[in-house]
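The structure under discussion appears below in the form of structure tokens.
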Amino acid sequence: MKPSRFQYTWIAIVLIIIGSSIHLGFNPLSIIKDTGNSVVIVEELLEFDFSVGEKVLWSLIETLEMALIGSSIGFVLSIPAALLAARNISPSYVSAAFRGLLGILWSIPPLLWAILLVVIVGLGPTAGILAISLYIMGLSGKYLYEIYESQNVSSYDAMHVIGATRMQIARFVTIPEALPHMGNQYLFLLSYSVRESSILGLVGAGGIGFYIIHHLESLNYGKAAPFILAILAVTLAMDYASTKLRKKLVHN
Amino acid sequence: MDAISLSSIRLTINEKKILDNLTVSIPQGNAVTIMGPNGAGKTTLLRVASGLVRPTSGEIHLFGKKFDKNQRLLGYIPQNLGLVGELDVFTNVMMGALRRMPRWRAITGTYTKDTISEAYSLMYDLKISHLKDTKVKKLSGGEKQRVAIARTLIQKPSIILADEMTASLDFKAAVTVMDIFTEIKEKMGITLLMTHHNPEIAKMYSDNVLILINGKIEKNIPSKEITKETAEHLYET
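These protein sequence lines are chains P and C, in that order. Going by numbering that gives the first Met the number 0, the first sequence opens with residue 0, and the numbers climb by one from there. Going by numbering that gives the first Met the number 0, the second sequence opens with residue 0, and the numbers climb by one from there.
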């Protein structure tokens, strides 16, 4: 029996994956082959050195603050940016420009933004906060303009016949109808930002990641362990809390 | 005098004729219902008459003057009513008055005493005063219809275009809404062009019925001539 087009597609995908692995010299078995190293690292990580306890606490607070400020700034800026990017609200040339802007902000990962911003504003949490803000503005803006564009057309029709201006339509239709989604989205972005903030320290943009990379590079795995554990605990807690809160929002 | 007249309206989309050389005039104060099978062009005709869709050719006149969006003569109740479910009844009603307010008032939501009392009086007439603080998404179908009517009436339009405004209601609820609406409409001397699926409603609340088939007006008859058989034949087409 001749394979269908669907089967051909899957065969092609599998071949591409195998080809890419060979090209990169990727061998999944190497993790088992080099068990010696893995065991040493795990053993040392398990020797938790809690002498860094105070630093864990303060760097964790810094990470959470960075996530809170960064995601809030990004989210707030994304609301008007998405209005300008939505095709059903803005003139086509304005929406094209803002879709492009949000696309750029979103396509550069936070870590890369952080590297660029450390060069511009220097080491420390300011670079991290700005990196999170820019990325979240792009990510949230893209979500939001899709929400705006999928809203009930008849509300817009009614407003057009009433003679409402674009700003009035945004104020009375677009934003109120999007509000329940926005609450959900903000909580999701906040928990996402905590995860992202925790690695920005790797490039000197503040937060707990700085200590993790510092201790790992100086082979102090036992000192790195409490920081990693703290991030793991906070990320899981944030994820749990935001899922619960989002469910509550949906029910209301 | 004709409140609204459509002359030789044609609308072609992707070479498909949606409205085909359509001419109709409605005298001031009259109520006219457009009936026809699904896809006949009823909603499109109302969208053209409201200025939401520009016809390929033809002209629209309101009270003898060429159609201009700034005339503020039209009120429009779209098929799904076009209400904002997340806002309360009062705000939805006030949205109809946006055009009459200074922009800063409309944006900040600080309405004048006169506009507020107009809204209260309309909500009272339409028996929705007690719901003024309720979110529209929590209302029943009949209550939503009344909010949509209040929002349109506060515009002070001379002509109202209403698309299947009682579609989601059972006959009894539809009659209740239409009774209240007709009473206010007559008091304000409003001209009404609407679409309905129910021939009984069309007969009770309109002077004339336009039968629209494939974008063409097949018949323009007094509503009392509409029979159940006419309607059944119409929806079999």
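All C-beta atoms, glycine included, are put in the ideal place defined by N, C-alpha and C.
Same chain only: Cβ atoms within 6 Å of residue i, ignoring 5 sequence neighbours per side
| i | result |
| --- | --- |
| Ile-3(C) | Ile-25, Leu-61, Ile-158 |
| Ala-223(P) | Ile-211, His-214, Leu-215 |
| Ile-76(C) | Ala-147, Thr-151, Ala-161, Met-164 |
Local conformation of residue i per DSSP, three classes
| i | result |
| --- | --- |
| Gln-14(C) | A small fix is needed here, since residue 14(C) is Glu in this sequence, not Gln. Coil. |
| Arg-86(P) | coil |
| Leu-73(C) | strand |
| Ser-120(C) | helix |
| Lys-155(C) | coil |
| Gly-73(P) | helix |
| Gly-99(P) | helix |
| Ala-2(C) | strand |
| Asp-156(P) | helix |
| Asn-183(P) | helix |
| Ser-139(C) | coil |
| Asp-87(C) | strand |
| Glu-58(C) | strand |
| Lys-309(C) | Because chain C spans 0 through 236 in this model, residue 309(C) falls outside it and cannot be assessed. |
| Ser-29(P) | helix |
| Ser-58(P) | helix |
| Gly-18(P) | helix |
| Leu-125(C) | coil |
| Thr-107(C) | helix |
| Thr-164(P) | coil |
| Phe-47(P) | coil |
| Pro-198(C) | helix |
| Asp-113(C) | helix |
| Gly-203(P) | coil |
| Gln-150(P) | coil |
Beta bridge counterpart(s) of residue i as assigned by DSSP
| i | result |
| --- | --- |
| Met-193(C) | Thr-32(C), Ala-161(C) |
| Thr-212(C) | One point to set straight first is that residue 212(C) is Ile, not Thr, in the sequence displayed. Lys-215(C), per the DSSP bridge assignment. |
| Ile-220(C) | Val-208(C) |
| Asp-238(P) | DSSP lists no partner for Asp-238(P). |
| Val-23(C) | Leu-5(C) |
| Lys-65(C) | His-60(C) |
Close Cβ partners of residue i (< 7 Å) along its chain, the five nearest in sequence each way excluded
| i | result |
| --- | --- |
| Ala-81(P) | Gly-140, Leu-143, Tyr-144, Tyr-147 |
| Gly-28(C) | Gly-188, Thr-190 |
| Lys-54(P) | Tyr-210 |
| Pro-109(P) | Ala-130, Ile-131, Tyr-134, Glu-195, Leu-199 |
Same chain, Cβ closer than 8 Å to residue i, neighbours up to 5 away in sequence not counted
| i | result |
| --- | --- |
| Asp-87(C) | Lys-131, Asp-132, Thr-133, Lys-134, Val-135 |
| Thr-173(P) | Leu-82, Ala-85, Ile-88, Tyr-147, Gln-150 |
| Ser-106(P) | Gly-137 |
| Ser-241(P) | Leu-186, Phe-187, Leu-189, Ser-190 |
| Tyr-220(P) | Ile-40, Glu-43, Leu-44, Glu-46, His-214 |
| Leu-101(P) | Ser-77, Ala-80, Ala-81, Ala-84, Met-136, Gly-137, Gly-140, Lys-141, Tyr-144 |
| Gly-52(P) | Pro-225 |
| Ile-153(C) | Val-92, Met-93, Gly-95, Ala-96, Thr-114, Glu-117, Ala-118, Leu-121 |
| Thr-234(P) | Ser-190, Val-193, Arg-194, Ser-197 |
| Met-100(C) | Tyr-110, Thr-111, Thr-114 |
| Gln-78(C) | Thr-42, Asp-162, Glu-163, Ala-166 |
| Ile-216(C) | Leu-21, Thr-22, Val-23, Leu-209, Ile-210 |
Original post:
With contact counted as at least three CB pairs below 8 Å, one residue from each stretch, are the region 25-36 of chain C and the region 190-210 of chain C in contact?
Top reply: yes
**OP:** Check whether the region 177-195 of chain C touches the region 121-140 of chain C, counting contact only when three or more Cβ pairs, one atom from each stretch, lie closer than 8 Å.
**Re:** yes
Subject >> Interfacial residues, the region 157-187 of chain P to chain C, with Cβ spacing under 8 Å >> reply: Ala-157, Met-158, His-159, Val-160, Ile-161, Gly-162, Ala-163, Thr-164, Met-166, Gln-167, Arg-170, Phe-171, Val-172, Pro-175, Glu-176, Leu-178, Pro-179
Original post:
Touch check for the region 153-170 of chain C and the region 195-206 of chain C: three-plus C-beta pairs under 8 Å?
Top reply: yes
Original post:
For the region 83-95 of chain C, which residues have a beta carbon sitting closer than 8 Å to at least one beta carbon of chain P?
Top reply: Val-83, Gly-84, Glu-85, Leu-86, Thr-90, Met-94, Gly-95
**OP:** Quick one: which residues of the region 69-93 of chain P get their C-beta closer than 9 Å to a C-beta of chain C? List them in chain order.
**Re:** none
Original post:
Going along the chain, which residues of the region 127-154 of chain P sit with their C-beta nearer than 9 Å to a C-beta in chain C?
Top reply: Asn-151, Val-152, Ser-153, Ser-154
Subject >> Inter-stretch contact at 8 Å, needing at least 3 Cβ pairs: the region 105-123 of chain P / the region 181-188 of chain P >> reply: no
Subject >> Cβ contact check for the region 126-140 of chain P and the region 69-76 of chain P: 3 or more pairs under 8 Å >> reply: yes
Original post:
Any chance the region 15-25 of chain C sits against the region 223-230 of chain P, with 3 or more Cβ pairs inside 8 Å?
Top reply: no
Subject >> chain P contacts from the region 64-83 of chain C (Cβ-Cβ distance under 8 Å) >> reply: Lys-68, Asn-69, Arg-71, Leu-73, Gly-74, Tyr-75, Ile-76, Pro-77, Gln-78, Asn-79, Leu-80, Gly-81, Leu-82, Val-83
Original post:
Does the region 196-204 of chain P come close enough to the region 160-172 of chain P that 3 or more CB-CB pairs lie under 8 Å?
Top reply: no
**OP:** Count the C-beta pairs between the region 199-216 of chain P and the region 54-64 of chain P that are closer than 8 Å, then say yes if the count reaches three, no if not.
**Re:** yes
Subject >> Where the region 21-53 of chain C meets chain P: residues whose CB sits under 9 Å from a CB there >> reply: Arg-46, Ser-49, Gly-50, Leu-51
Original post:
Which residues, in order along the region 136-159 of chain C, keep a beta-carbon less than 7 Å from a beta-carbon of chain P?
Top reply: Gln-154
Original post:
Okay, do the region 87-102 of chain C and the region 38-55 of chain C touch, 3+ Cβ pairs below 8 Å being the bar?
Top reply: no
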